[in-house]
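Chains as they are written, first to last, in our numbering: chain A, 70 to 445; chain B, 37 to 162. Where is the CB? At the ideal position from N, CA and C, for every residue including glycine. Structure first, then comments.
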Amino acid sequence: MINDIGNFIYIFCIFVIIFAFQIIKPKLARKEIYFGIRIPENERNNTFLKKVYYSYLILNTITFVVFTTIIIYIFLNYYASIEYTLLLLLYLLCTLIIYFFSNRKTFKIKQTQCWNTEKKQIVAIDTKFSKEKSTKTLVSPWWFLVSVFMILFTFHIGFKYYDLLPEIVPTHWDFAGEVNGYMRKSPKIIYAMPKFQIFFLILFFTLYKIIGWGKQQLNTSNPHQSKEKNKRFRYIWSGYMVFAVTMINLLLFYINLIIFQVVQFSDKSIIIMILILPITLIAILVAVFLALSIYTGQGGSRLKIKDTEATPSKMLDRNDDKYWRFGIFYINKEDPTIFIEKRFGLGWTVNLGRPPGIILAVGVIVLILLLPYILN
Amino acid sequence: MIIKIDFESEAPIYVQLKRQIILGIAKGELLQGESLPSVRQMAEDIGINMHTVNKTYNELKAGGFISVDRRKGAIVTNSNNLLTDEYHEELKDELDFIIGEAYCRGITEEEFIKLSRAAFKQYSNK
């Protein structure tokens, strides 16, 4: 029973987090992007556009309520686990469709309002930025050494305490604090946690590098200010990658201590130590992620940085909507860029109009599918 | 320096890019010895084909504004050697045409010289 509740609470939290992020996403976009469509900055408060946002809010809320009602119903009537995951995927698909509708609506408004017809369409770049962005703009890569040391230390614990292990080692606990997974004693157990640690280290280091590689994107009417914002944005998120990988490694190190029975708990405290502690850690990671998202905004658009030139120019950023299929996929054969800022949400995506981008996208999908086999 | 490319302009992108780099050198926004992004990097930043940037860089190189080093990329060269007899000819030809058109449209000599002075001033006051 308690496991059923645990499972339910866990999936319910994921739904709430996704819903919350869906709601704030439109507010995170750059000032000149609205539901993935480029608009003149000063039209942002246009009443037609506001309506798109309201219907987006309403549709998202309805979907969220419907899905949570279904999972509550399932929870009260059946014992379920795989159903939750399927519902979660279905929910993600629904949020995508809602976004796509809002994207199309915004596109139609842009056409009927005839924005982008009289003004110039400018792309502004800074010739110095590309050199700075992958080195000086990010926090030092040496911080990843902390994680490397933690992995080595985890190995050390494994080798040191291996002999003391019983023949059958508990490796997994349920929500009640009861052991529900065992491993037969074998050297495999030494690599169980470091395997995950190395995986996360590679993953986060790659994400860190991508932050440096991402294409520079400046606001035409205020290039200097938007460059500073973008630099700060990259700095903060590269710092988050270091923070996240360090926390995850710490957690896995801690689990390793428990598996090797270096730390042992009484029956009473085991729930706190095995359940509450890891969950708190993950909650902190999610909370910091959401807080930083709101603080920085996409590309640093929400950061407060002093205006350097307040001359409202008659220039408009280049209308590049045609390269954004469904407002999600960037397909531009001419552009040699590999990583480009997403139009909706936070972070970067790949250019699917070029072989490197396609290979990367396919590679990531294959990797996700193969991951369970690689790590087992 | 900040480069702005207009995608709706009638002037081809490689010409716009070339002009902006030359003006950047004239205004002192690009200093001698400063390096420009590589062809690939510049194409990525603007979001255009690498051939376009290559064309610009080749013309700038032929004009003596930049030198292309395999390791360091494109570097702004010393502007002392830019004044050639060839350029004198070219300038005369182009001015002839520009003044001719201005004359047709009714610009007076004084007005034209005034404009030229103002233009020169913004480059010498760097």
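Quiz item: Which residues in chain B sit within 8 angstroms of GLU403/A, going by Cβ to Cβ distance?
Solution: Along the first sequence, one-based indexing puts residue 403/A at 334. What GLU403/A touches in chain B: GLY83, ILE84 and ASN85.
Quiz item: Below 8 angstroms between beta carbons: does that hold for THR88/B and ALA79/B?
Solution: Mapped onto the second sequence, residue 88/B falls at position 52. Mapped onto the second sequence, residue 79/B falls at position 43. Contact flag set, yes.
Quiz item: When the distance is taken between beta carbons, is ALA62/B closer than 8 angstroms to TYR159/B?
Solution: Translated into positions along the second sequence, residue 159/B becomes position 123. Translated into positions along the second sequence, residue 62/B becomes position 26. Yes, these two residues count as a Cβ contact at 8 angstroms.
Self-check item: Euclidean distance between Cα positions of ILE140/A and CYS163/A
Solution: Locating residue 140/A in the first sequence gives position 71, where the first residue counts as 1. Locating residue 163/A in the first sequence gives position 94, where the first residue counts as 1. Distance between the alpha carbons of ILE140/A and CYS163/A: 16 angstroms.
Exercise. Quick one: using the 10 Å Cβ neighbour count with 16 as the cut-off for buried, is VAL419/A buried or exposed?
Key: In the first sequence, residue 419/A corresponds to position 350, counting from 1. The residue is buried, with at least 16 neighbouring Cβ atoms inside 10 Å.
Quiz item: By DSSP, does GLU410/A sit in helix, in strand, or in coil?
Solution: Here residue 410/A is taken as the residue at index 341 of the first sequence, counted from 1. Strand, per DSSP.
Self-check item: Chain-ordered neighbours of THR206/A on chain B, where CB pairs are closer than 7 angstroms
Solution: Working through the first sequence from its first residue, we reach residue 206/A at position 137. By Cβ distance, chain B contributes nothing, its closest Cβ being about 14 angstroms from THR206/A, past 7 angstroms.
Quiz item: Leaving out the 5 sequence neighbours to the left and right, which residues in its chain are closer than 6 angstroms to GLN68/B when beta-carbon positions are compared?
Solution: Translated into positions along the second sequence, residue 68/B becomes position 32. Taken in chain order, the residues that qualify are VAL112 and ASN114.
Quiz item: Taking the alpha carbon of ASN85/B as the point to measure from, which residue in TYR50/B, GLU125/B and PHE148/B has its own alpha carbon closest?
Solution: Taking the second sequence and counting its residues from 1, one reaches residue 85/B at position 49. Looking at the Cα atoms, TYR50/B is the closest of the given residues.
Quiz item: What first and last residue would you give for the alpha helix (DSSP H) that runs through ASP390/A?
Solution: Position 321 of the first sequence, counting from 1, holds the residue named residue 390/A. For ASP390/A, no alpha helix (DSSP H) run applies, since DSSP gives it neither H nor E.
Quiz item: When the distance is taken between beta carbons, is PHE329/A closer than 8 angstroms to TYR230/A?
Solution: Locating residue 230/A in the first sequence gives position 161, where the first residue counts as 1. Locating residue 329/A in the first sequence gives position 260, where the first residue counts as 1. Cβ atoms of TYR230/A and PHE329/A: closer than 8 angstroms.
Practice problem: Measure from the C-beta of GLU95/B to each C-beta in chain A and report whether the shortest distance is under 8 angstroms. | Solution: The residue given as residue 95/B occupies position 59 in the second sequence. Answer no: the Cβ-Cβ gap between GLU95/B and chain A never drops below 8 angstroms.
Exercise. Could you please give me the residues that DSSP links to ASN420/A through a beta bridge?
Key: Within the first sequence, numbered from 1, the residue matching residue 420/A stands at position 351. BP columns for ASN420/A point to TYR399/A.
Self-check item: Best match in VAL208/A, ARG371/A, LEU326/A and VAL85/A for proximity to VAL238/A [C-alpha to C-alpha]
Solution: Start at 1 with the first residue of the first sequence, and residue 238/A comes out as number 169. Ranking the options by Cα distance to VAL238/A, first place goes to LEU326/A.
Quiz item: For ASN117/B, which three-state DSSP category applies?
Solution: Your numbering for residue 117/B matches position 81 in the second sequence. The answer is helix: DSSP assigns ASN117/B an H, G or I state.
Quiz item: Between ILE194/A and GLN285/A, what straight-line distance do the alpha-carbon atoms span, to the nearest angstrom?
Solution: As a working note, residue 194/A is residue 125 in the first sequence. As a working note, residue 285/A is residue 216 in the first sequence. Straight-line Cα distance between these residues: approximately 7 angstroms.
Quiz item: What's the gap between the Cα of ARG387/A and the Cα of PHE43/B?
Solution: Locating residue 387/A in the first sequence gives position 318, where the first residue counts as 1. Locating residue 43/B in the second sequence gives position 7, where the first residue counts as 1. Near 7 angstroms, if we compare the C-alpha coordinates of PHE43/B and ARG387/A.
Quiz item: What residues from chain B crowd round PRO424/A, counting only those whose CB sits closer than 7 angstroms?
Solution: Translated into positions along the first sequence, residue 424/A becomes position 355. By Cβ distance, chain B contributes nothing, its closest Cβ being about 14 angstroms from PRO424/A, past 7 angstroms.
Quiz item: Does the distance from the C-beta atom of GLY369/A to that of GLU410/A stay below 8 angstroms?
Solution: One-based indexing of the first sequence puts residue 369/A at position 300. One-based indexing of the first sequence puts residue 410/A at position 341. No, they are not a contact pair.
Quiz item: Can you name, in chain order, every residue of its own chain whose Cβ lies under 7 angstroms from the Cβ of PHE274/A, other than the five neighbours on each side?
Solution: In the first sequence, residue 274/A corresponds to position 205, counting from 1. Around PHE274/A: PHE213.
Exercise. Take THR120/B as the anchor and find which of PHE101/B, ARG153/B and SER45/B has the nearest alpha-carbon.
Key: Position 84 of the second sequence, counted from the first residue, corresponds to residue 120/B. That would be PHE101/B, whose Cα lies nearest to the Cα of THR120/B.
Quiz item: Could one say the Cβ of PRO292/A lies closer than 8 angstroms to chain B's Cβ atoms, at least one of them?
Solution: On the first sequence, position 223 is the one that residue 292/A refers to. So, interface residue.
Quiz item: Cα-Cα, which of LYS402/A, ILE259/A, LEU161/A and SER199/A is closest to HIS459/A?
Solution: The question about residue 459/A has no answer here: the residues shown for chain A are numbered 70 through 445.
Self-check item: GLY283/A and LEU207/A closer than 8 angstroms at C-beta
Solution: Numbered from 1 along the first sequence, position 214 holds the residue referred to as residue 283/A. Numbered from 1 along the first sequence, position 138 holds the residue referred to as residue 207/A. The answer is no: Cβ separation not under 8 angstroms.
Self-check item: Bridge-paired residues (DSSP) for ARG107/A
Solution: For the purposes of this step, residue 107/A is identified with residue 38 of the first sequence, where counting begins at 1. Partner(s): ILE102/A.
Self-check item: Cβ-Cβ distance between ILE305/A and PHE269/A below 8 angstroms
Solution: Mapped onto the first sequence, residue 305/A falls at position 236. Mapped onto the first sequence, residue 269/A falls at position 200. Cβ atoms of ILE305/A and PHE269/A: not closer than 8 angstroms.
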